[in-house]
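Protein sequences, first through last, are from chains X and E. Residue numbers are given in UniProt numbering: position 170 of the first sequence equals residue 170, and the series is strictly consecutive. Residue numbers are given in UniProt numbering: position 200 of the second sequence equals residue 200, and the series is strictly consecutive. Quick reminder that beta carbons are idealized off the backbone N, C-alpha and C, glycines included. The structure under discussion appears below in the form of structure tokens.
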Amino acid sequence: MYKTKSGEEIFVIDSHIHLWDGSKENQLNEYGAQFIDCFYDYHTSLSPEEYYWSRNKFYKYESDTLIHDLFVKGYVDMGIFQPVFLKEFYKDGFGNVEKNAELEEQYPGRFIGNTSFDPREGEKGLKYLEYEAKKYNIQGVKLYTAEWNGNSKGYKLTDPWAQRYLEKCRELGIRNIHVHKGPTITPLNRDAFDVADIDEAASLFTDLNFIVEHCGLPRIEDFCWIATQEKNVYAGLSVVMPFIYARPRYFAEIMGELLYWLDEDRIIFGSDYAIWEPKWLIEKFMEFELPEDIKKETKVELNLNTKKKILGENIARLYGINIEAQKERLRGDRIDRLAMQES
Amino acid sequence: MQPVQEVYSKLNMVFDPELDQSLTELNFIDHVSTDRSNVTVVFRLPTYWCSPNFAYMMAEDIRDRVLELPWVKHVNVQLKDHHASEDINYGVTNRKAFSDSFPGVSSSSELKELRRKFREKAFLARQERLMHHLIKLDFNPKMLLKLTIGEMKKKIDLLYDDLTQSLWQKYLLIRSDMNQSNGDNHPAFTRMNGEPIEPNELESYLSNSKRIRLNMEFNAHQCRGLLAARYNLQKNKEMKI
Numbered sequence: 001m002y003k004t005k006s007g008e009e010i011f012v013i014d015s016h017i018h019l020w021d022g023s024k025e026n027q028l029n030e031y032g033a034q035f036i037d038c039f040y041d042y043h044t045s046l047s048p049e050e051y052y053w054s055r056n057k058f059y060k061y062e063s064d065t066l067i068h069d070l071f072v073k074g075y076v077d078m079g080i081f082q083p084v085f086l087k088e089f090y091k092d093g094f095g096n097v098e099k100n101a102e103l104e105e106q107y108p109g110r111f112i113g114n115t116s117f118d119p120r121e122g123e124k125g126l127k128y129l130e131y132e133a134k135k136y137n138i139q140g141v142k143l144y145t146a147e148w149n150g151n152s153k154g155y156k157l158t159d160p161w162a163q164r165y166l167e168k169c170r171e172l173g174i175r176n177i178h179v180h181k182g183p184t185i186t187p188l189n190r191d192a193f194d195v196a197d198i199d200e201a202a203s204l205f206t207d208l209n210f211i212v213e214h215c216g217l218p219r220i221e222d223f224c225w226i227a228t229q230e231k232n233v234y235a236g237l238s239v240v241m242p243f244i245y246a247r248p249r250y251f252a253e254i255m256g257e258l259l260y261w262l263d264e265d266r267i268i269f270g271s272d273y274a275i276w277e278p279k280w281l282i283e284k285f286m287e288f289e290l291p292e293d294i295k296k297e298t299k300v301e302l303n304l305n306t307k308k309k310i311l312g313e314n315i316a317r318l319y320g321i322n323i324e325a326q327k328e329r330l331r332g333d334r335i336d337r338l339a340m341q342e343s
Numbered sequence: 001m002q003p004v005q006e007v008y009s010k011l012n013m014v015f016d017p018e019l020d021q022s023l024t025e026l027n028f029i030d031h032v033s034t035d036r037s038n039v040t041v042v043f044r045l046p047t048y049w050c051s052p053n054f055a056y057m058m059a060e061d062i063r064d065r066v067l068e069l070p071w072v073k074h075v076n077v078q079l080k081d082h083h084a085s086e087d088i089n090y091g092v093t094n095r096k097a098f099s100d101s102f103p104g105v106s107s108s109s110e111l112k113e114l115r116r117k118f119r120e121k122a123f124l125a126r127q128e129r130l131m132h133h134l135i136k137l138d139f140n141p142k143m144l145l146k147l148t149i150g151e152m153k154k155k156i157d158l159l160y161d162d163l164t165q166s167l168w169q170k171y172l173l174i175r176s177d178m179n180q181s182n183g184d185n186h187p188a189f190t191r192m193n194g195e196p197i198e199p200n201e202l203e204s205y206l207s208n209s210k211r212i213r214l215n216m217e218f219n220a221h222q223c224r225g226l227l228a229a230r231y232n233l234q235k236n237k238e239m240k241i
């Protein structure tokens, strides 16, 4: 919970968190090493220096660290796991649905655990999705369309198999489709991070929500265009958020564009923890004001009301969370007590 | 000029197609060495994962630009610390097409198409950056549409301002890259196919171009930051335009 100076409470949902294992012991090959090192460069290139982690801690951190960084010092009330498995780089997977589920069990009401699928896995993958959906009560998936799989260098949401998977999501009640359209995570050479396929998928599956993570950076111009056409397309702010510190002017320009093209109900906060810590992101965001020239040019506002929507209300709607009821539910729970002790 | 300096002056003209900034500006050149008519250029990118197709374009452009120097017979281009270093270095040094170096992944027309697409983005971004800048300097937007290249040149010369001049020069360069005439009598601001921009369309035209420009600049900041983190370079201060 973030408290404003005037005492108003803001319920925060971090829509994009990870508990990963990038350690040497878990790496399968050079790719595994390079992948986590690249994340580390993202971490140090955009975090304030006082928030730098050591490389070792960054490779693998304990769930207690996560609990502390998110809920005790980071103002977060709920977090959504967006796992990436990278089975070809890491023995036991980089992210792990099972480990996430353990935390969900230990801290009821604090986490939502998503999974991922790859339509190139065909029937077998469909079955597995069904199994996971039932076992873990899955409400959302995180997709990487640029991921390599055998000879394939990526897929599109419009591919026939991808459509079958989306139909399966609909059938299983998985309504939130988070799509990583952003900086590349695996070697690619086509425009697999092109956002155009979102357009068609979103108009075919109007009852599903498409949250475009990282706003389609590095293709934000196409993303804005699609998002104006399709009302079930949302902007996930992970990776965009940390620019608030390192490049505030650009952060302001991008926020101006997003608010102009999408309106304030379709922009969603995410830290991409542990690449960046929610504490400083949220503090800076609450302090942040759009410069006058951008306000004048785009005619948009980023006031307290807008910030509340971005930090929690918008994503709460997508996951069917009643914020007032959830506050009651979490009051006095393990994490609440932990936070009290610390303060 | 020393041979290495001459090579650098050529590298100033090689651009990252996605960011529309030169490799020297971006700090992508690791080092250059020369041995009589042989030149070696070692370059580096912000991540191990940067798209091989863009890396390939940059490597090809390095080779071709440096070969323009009359004394150069052979250019050895080396991309370091990249997942596809080996294929790219071999392919470019031996003049293979991208599609031969990465069979099954891409056709030769694809890389050409990608080049064209990014040149168009660069055109729109450079034009918007210049127009945005001029409008801030109190030029009337609709009047800009009436000016010719010759008239614009005179006005810009009278400003005695390096920034305006460099934005103008970069804009002229991309116009000629896209086969648009920079003759004095041509209108200064047109669409990329040479068609006029109607005054009542100007606002939406520019806001569309602005998204493209912002996207490129945002990516450039990200890439610079990652490169600095990767190679322990000093972080750049925020650029103001």
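Practice task
Please state whether DSSP places E324/X in a helix, a strand or coil.
Solution key: helix
Problem set entry | Buried versus exposed, by CB contacts within 10 Å (16 or more), Y131/X | exposed
Is F43/E helix, strand or coil by DSSP?
strand
Q) From the beta carbon of Y8/E, is the nearest beta carbon of chain X less than 8 Å away? A) no
- Task: Give the interface partners of I254/X over in chain E, defined as CB-CB distance under 8 Å, in chain order.
- Result: L214 and F218
Next item on the list: Ignore the nearest five residues each way along the sequence and tell me which others in F43/E's own chain have a CB closer than 8 Å to its CB.
Entry: L23, F28, I29, D30, M58, A59, I62, V77, Q78, L79 and K80
At 7 Å on the CB atoms, spell out the chain X contacts of A97/E, in chain order. Within chain X, no residue comes near A97/E; the closest Cβ sits about 13 Å away, beyond 7 Å.
Integer Cβ distance of R247/X from H133/E, believed to fall under 8 Å = Contact between R247/X and H133/E fails: their C-beta atoms lie close to 19 Å from each other, not under 8 Å.
- prompt: Quick one: what does DSSP say T115/X is sitting in, helix, strand or coil?
  reply: Of the three classes helix, strand and coil, the one that applies to T115/X here is strand, per DSSP.
Does DSSP classify Q78/E as helix, strand or coil?
Reduced to three states, the DSSP call for Q78/E is strand.
>> By the 8 Å beta-carbon criterion, what residues does the UniProt domain "MIP18 family-like" (5 to 77) of chain E contribute toward chain X?
In response: E18, P46, T47, Y48, W49, C50, S51, P52 and N53
Helix, strand or coil, according to DSSP, for P48/X in the structure here?
coil
Leaving aside the five residues before and after Y165/X along the sequence, list all residues of the same chain whose C-beta is less than 8 Å from its C-beta, in chain order. F117, P119, G125, L126 and L129
Starting from the beta carbon of C38/X, find every residue of chain E whose beta carbon is closer than 7 Å, and list them in chain order.
T47, Y48 and W49
query: Which bits of chain X does A229/E rub up against, with CB to CB less than 7 Å?
result: D41, T44 and S45
Legend entry - Span separating the alpha-carbon of I80/X from that of R95/E: 48 Å
Check your understanding: How about the segment 11 to 23 of chain X and the segment 71 to 78 of chain X: do they share at least three Cβ pairs that are nearer than 8 Å?
Key -> Three or more Cβ pairs closer than 8 Å define a contact, and the segment 11 to 23 of chain X meets that threshold against the segment 71 to 78 of chain X.
**Study point:** Proximal residues of chain X, C-beta to C-beta of H221/E below 9 Å
**Key:** F243, A246, R247 and Y250
Nearest-angstrom beta carbon gap, Y42/X and L226/E [assumed within contact, 8 Å]: Their Cβ separation, rounded to whole angstroms, is 7 Å, which keeps L226/E and Y42/X in contact under 8 Å.
Check: For a contact meaning CB atoms closer than 7 Å, what does G225/E contact in chain X?
Finding: S45, L46 and A246
### Burial state of R126/E (16 or more Cβ within 10 Å)
buried
| What is the DSSP secondary structure of Y2/X, reduced to helix, strand or coil? | strand
Worksheet entry | Within chain E, partners of I267/X - CB distance below 9 Å | Here the premise fails: no neighbours, minimum Cβ distance about 16 Å.
inquiry  = Whole angstroms are fine: how far does the CA of F218/E sit from the CA of D138/E?
reply    = About 26 Å.
Is D272/X closer than 8 Å to V300/X when the C-beta atoms are compared? no
Checklist line | Buried or exposed by the 16-neighbour rule on C-beta atoms within 10 Å, applied to Y173/X | finding: Note that residue 173/X is Gly in the sequence shown, not Tyr. It counts as exposed.
The beta strand (DSSP E) with S33/E in it runs from where to where?
-> I29 to D35
query: Going along chain X in order, which residues have a C-beta closer than 7 Å to the C-beta of R191/E?
result: Ordered by position in chain X, no residue passes the 7 Å Cβ test against R191/E, which lies about 17 Å from the chain.
Self-check item: Residue span of the beta strand (DSSP E) that contains L143/X, given as start and end
Solution: G140 to Y144
task: Output yes or no for whether 8 Å exceeds the beta carbon distance between I10/X and T4/X.
output: yes
For G332/X, is the beta carbon positioned less than 7 Å from some heavy atom of the ligand COA?
The ligand COA is absent from the structure shown, which contains no ligands of any kind.
Would you decide whether M239/E is buried or exposed? Buried here means 16 or more other CB atoms lie within 10 Å of its CB.
With a pLDDT of only 41 at M239/E, under the threshold of 50, the placement of this residue in the model should not be trusted; the figure read from the coordinates follows. It counts as exposed.
Exercise for the section: Mind listing the chain X neighbours of R115/E? Cutoff is C-beta to C-beta under 7 Å, in chain order. Expected result: Per Cβ cutoff of 7 Å: no residues; R115/E is ~13 Å from chain X at best.
Cα-Cα separation between I198/X and A97/E, rounded to whole angstroms
31 Å
Reduced DSSP category for M78/X - H, G, I as helix; E, B as strand; rest coil
When secondary structure is reduced to three states using DSSP, M78/X falls in the strand class.
Status (buried if at least 16 other CB within 10 Å, exposed otherwise) for M143/E: Exposed, by the Cβ-count rule.
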